[in-house]
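K.L.:
Mapping of the sequence shown onto numbering that gives the first Met the number 0: residues 0 to 464, in sequence order.
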Amino acid sequence: MERILISKTPENKGQNVSVSGWIWGRRDHGKLIFIDVKDRTGTLQCVFLPNNKELHSLGDTLRTGFVVRLEGQVSERPKGMVNAEIPTGEVELQVTALEILNECVTPPFALDTDGLELGEDLRMKYRYLDLRRDRLQKNIRTRFQIIQFIRNWLAEKEFVEIETPILTKSTPEGARDYVVPSRLQNGKFYALPQAPQQYKQLLMVAGFEKYFQIARCFRDEDTRGDRQPEFTQMDMEMSFVEREDVIAENESMLIGLVKELFPNKKIQETPFPRISYAEAMEKYGTDRPDLRKDKEDKDLLAFCWVIDFPFFEKNDDNTWTFTHNPFSKPKNEHMEWLMKKEKIGEILTTQYDIALNGFEIGGGSIRNHKPEPLRKVFEIMGFSEERIASNFGHMLTALGYGAPPHGGIAWGLDRLITLLTGEPNIREVFSFPKTGDGRDLMMDAPAEISEKQLKELGIKILDKK
Ligand code: ASP
Numbered sequence: 000m001e002r003i004l005i006s007k008t009p010e011n012k013g014q015n016v017s018v019s020g021w022i023w024g025r026r027d028h029g030k031l032i033f034i035d036v037k038d039r040t041g042t043l044q045c046v047f048l049p050n051n052k053e054l055h056s057l058g059d060t061l062r063t064g065f066v067v068r069l070e071g072q073v074s075e076r077p078k079g080m081v082n083a084e085i086p087t088g089e090v091e092l093q094v095t096a097l098e099i100l101n102e103c104v105t106p107p108f109a110l111d112t113d114g115l116e117l118g119e120d121l122r123m124k125y126r127y128l129d130l131r132r133d134r135l136q137k138n139i140r141t142r143f144q145i146i147q148f149i150r151n152w153l154a155e156k157e158f159v160e161i162e163t164p165i166l167t168k169s170t171p172e173g174a175r176d177y178v179v180p181s182r183l184q185n186g187k188f189y190a191l192p193q194a195p196q197q198y199k200q201l202l203m204v205a206g207f208e209k210y211f212q213i214a215r216c217f218r219d220e221d222t223r224g225d226r227q228p229e230f231t232q233m234d235m236e237m238s239f240v241e242r243e244d245v246i247a248e249n250e251s252m253l254i255g256l257v258k259e260l261f262p263n264k265k266i267q268e269t270p271f272p273r274i275s276y277a278e279a280m281e282k283y284g285t286d287r288p289d290l291r292k293d294k295e296d297k298d299l300l301a302f303c304w305v306i307d308f309p310f311f312e313k314n315d316d317n318t319w320t321f322t323h324n325p326f327s328k329p330k331n332e333h334m335e336w337l338m339k340k341e342k343i344g345e346i347l348t349t350q351y352d353i354a355l356n357g358f359e360i361g362g363g364s365i366r367n368h369k370p371e372p373l374r375k376v377f378e379i380m381g382f383s384e385e386r387i388a389s390n391f392g393h394m395l396t397a398l399g400y401g402a403p404p405h406g407g408i409a410w411g412l413d414r415l416i417t418l419l420t421g422e423p424n425i426r427e428v429f430s431f432p433k434t435g436d437g438r439d440l441m442m443d444a445p446a447e448i449s450e451k452q453l454k455e456l457g458i459k460i461l462d463k464k
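1. Which residue from Asp289, Lys297, Ala279 and Asn324 puts its Cα closest to that of valine 305?
2. Give me the Cα-Cα distance between phenylalanine 431 and glutamate 384, rounded to the nearest whole angstrom.
3. Let's see if you can read the secondary structure: which residues bound the beta strand (DSSP E) around glutamate 75?
4. Go through its chain and collect everything with a Cβ distance to leucine 201's Cβ below 7 angstroms, but skip five positions before and after it.
5. Could you tell me which uninterrupted beta strand (DSSP E) segments, each at least 3 residues in length, are contained entirely in the segment 16-85, listed from first to last along the chain?
6. Could you check the C-alpha separation between lysine 30 and leucine 135 for me, to the nearest Å?
7. Between the alpha carbons of serine 169 and isoleucine 460, how many angstroms are there, rounded?
8. With three or more beta-carbon pairs closer than 8 angstroms as the criterion, would you say the segment 377-395 touches the segment 318-327?
9. Under 8 angstroms between the Cβ atoms of glycine 411 and glycine 361?
10. Following a CB-centred definition, is isoleucine 146 positioned closer than 7 angstroms to any heavy atom of the ligand ASP?
11. Tell me, to the nearest whole angstrom, how far the beta carbon of isoleucine 416 is from that of threonine 141; I am working on the premise that it is less than 8 angstroms.
12. Can you check DSSP and say which residues form a bridge with tryptophan 319?
13. May I ask you to list the residues that DSSP assigns as paired with glutamate 359?
14. Would you check if the segment 348-365 and the segment 232-249 touch, i.e. whether three or more CB-CB distances between them fall below 8 angstroms?
15. Scan the segment 230-273 and note each continuous alpha helix (DSSP H) run of 4 residues or more that stays entirely inside, going in chain order.
16. At a cut-off of 7 angstroms, would you count asparagine 424 as near the ligand ASP, judging by its Cβ distance to the nearest heavy atom?
17. Whose CA, out of Lys342, Gly401, Pro9 and Gly173, lies closest to the CA of isoleucine 85?
18. Does the Cβ of arginine 386 have 16 or more other Cβ atoms within 10 Å, making it buried, or fewer, making it exposed?
19. Could you tell me whether any non-hydrogen atom of the ligand ASP is closer than 7 angstroms to the CB of glutamine 14?
20. Taking glycine 88 as the reference, which of Val73, Glu250, Gly401 and Arg414 has the closest Cα?
21. Enumerate in chain order the residues of its own chain whose CB-to-CB distance from aspartate 35 is below 8 angstroms, with the five nearest sequence positions on each side excluded.
22. Check whether the Cβ of serine 19 sits closer than 7 angstroms to any heavy atom of the ligand ASP, and report yes or no.
23. Applying the 10 Å Cβ sphere with the 16-neighbour rule, what's the burial state of tyrosine 127?
24. Whose CA, out of Arg291, Phe33 and Gly457, lies closest to the CA of proline 180?
25. Rounded to a whole number of angstroms, what is the C-alpha to C-alpha distance between glutamine 14 and glutamine 93?
26. Which same chain residues end up closer than 7 angstroms to glycine 363 when comparing Cβ atoms and leaving out the 5 residues on each side of it in sequence?
27. What are the start and end residues of the alpha helix (DSSP H) that includes proline 372?
28. Counting Cβ pairs, one atom from each stretch, are 3 or more of them under 8 angstroms apart for the segment 308-315 and the segment 174-188?
29. Comparing the CB of asparagine 151 with every heavy atom of the ligand ASP, is any distance shorter than 7 angstroms?
What follows is the structure in structure tokens.
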């Protein structure tokens, strides 16, 4: 008999059907055995009657987590037994056949709770079980819907999704790189991308005009509640645009996304308010202000753009560094200062950040599309000619080949999903997140590698901290 999904059982009253799934719970009432079976679409109550002895005693061996295929008749539940809380609450399956597809050892924790009562280490070690719980099933599926929405929306607007390399070279986004030793080029290292920044700009030089990517990024930072060492950005870049074009494109996509997938949520203000960095710092003491008028309202979304950031800030050793992105263009009225390398602390960048309810969920800028201003940025940062050439020579060269004016943005997709799903922690919207100290407890990563591998790579471990 062909399998039907549990969500379809109410439409099949009186029919003989077959369902498959996991045993989610069990209650014995005298001679009757009640089993809850769960598949990806819902839970169904199944009853083993005492009349068929063989079937009844097989049913008696079922434990939570067993994987089963059941056949039986979908019947209306007796009045008073209806469960209005679930979509299949008025029916049950009177089991006529049972096949145990797999057994399950006793799970290390209950799966019918939200899991937040448990220590995280245990949840991470058995993440594949943790993911079975309803809350996480919902989060991961919502994540997929959001990504699908973005893909459809941008494809509709003629953006092209282009994958860029993971094995690459250091690109400055203000964090440490994860590095990968090269076997074929002994003694050399790839860096994992902190963002696809340079590649997406090079795609503009290549003439794609509208790029996006659901991009995996890697930043070796001390992890916090709202950070993971590897995370996902909605990364985009557009040619022949000004700041207003990028802002408008992103604002309409965010509004569209909320309307379609989170119709219960209210956006406090559209167009999203704009606030300068200086004003944000003065009024709210942060560059990601929480503008919600009612902070108790779980469905209120207060987006805002923060603009007019300083381009440079001082390092501890009195040298200059960029505040956001070295590839950004200064505001037009400050281009002259950049070119003359004067009033460095007063140069404002075209950077725009977007904040939601007090969290930064994205940022981007219009870029220097000519080589000379980009060179000046690196000079201001005190980079030598050689360093500029070896680290960024390819960018300077590429911009010399007719780079169009361009700009873009990246959203921290995980953080946005966390806020939209109302989860307390970013790890709740990842399939397999790392712990606070960057470990995968289930796979036991990072792990040591063999002497042979080290030798091939030409690497010697000096001392383990
Ligand atoms: N590359 C930037 C980042 O990851 C985003 C951008 O400027 O487009 O923060």
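Idealized CB from N, CA, C, for every residue including glycine.
Since the model is a prediction, treat every value here as computed from it, not as a measurement.
P.N.:
Result, derived from the coordinates:
1. Closest option to valine 305, judged by alpha-carbon separation, among Asp289, Lys297, Ala279 and Asn324: Ala279.
2. If I take the Cα positions, the gap works out to 43 angstroms.
3. Secondary structure note for glutamate 75: its beta strand (DSSP E) is the uninterrupted segment 66-75.
4. Same-chain partners within the cutoff: Ala397.
5. Look at the segment 16-85 and you find these whole runs of beta strand (DSSP E), each 3 residues long or longer: 31-38, 41-47 and 66-75.
6. So the alpha carbons of these two residues sit roughly 35 angstroms apart.
7. For serine 169 and isoleucine 460, the distance between alpha carbons rounds to 22 angstroms.
8. Touching, yes, given that three or more Cβ pairs across the two stretches are closer than 8 angstroms.
9. Between glycine 411 and glycine 361, the C-beta gap is smaller than 8 angstroms, which places the two residues in contact.
10. The closest heavy atom of the ligand ASP lies 7 angstroms or more from the beta carbon of isoleucine 146.
11. Rounded, the Cβ-Cβ distance is 7 angstroms, consistent with contact.
12. In the DSSP secondary-structure assignment, tryptophan 319 is bridged to Lys313.
13. Glutamate 359 pairs with Ala354.
14. Touching, yes.
15. Listed in chain order, they are 242-260.
16. No, since every heavy atom of the ligand ASP falls outside the 7 angstroms radius drawn around the Cβ of asparagine 424.
17. Here the closest residue by C-alpha is Pro9.
18. Flag for arginine 386 reads exposed.
19. It does not: the Cβ of glutamine 14 is nowhere closer than 7 angstroms to a heavy atom of the ligand ASP.
20. If we check each option's Cα against that of glycine 88, Val73 comes out closest.
21. Within the same chain, aspartate 35 has close Cβ partners Ile22, Trp23, Gly24, Arg25, Thr42, Leu43, Gln44 and Cys45.
22. For the ligand ASP, not one heavy atom lies less than 7 angstroms from the Cβ of serine 19.
23. Tyrosine 127 should be labelled exposed.
24. Closest option to proline 180, Cα to Cα, is Gly457.
25. So the two alpha carbons sit approximately 11 angstroms from each other.
26. Once the five neighbours on either side are set aside, the close Cβ partners of glycine 363 are Val245, Tyr351, Gly406, Gly407, Ile408 and Ala409.
27. Counted as a single uninterrupted DSSP element, the alpha helix (DSSP H) harbouring proline 372 occupies residues 370-379.
28. Three or more beta-carbon pairs separated by less than 8 angstroms are not found between the segment 308-315 and the segment 174-188, which leaves the two stretches without contact.
29. Not under cutoff, so the answer is no.
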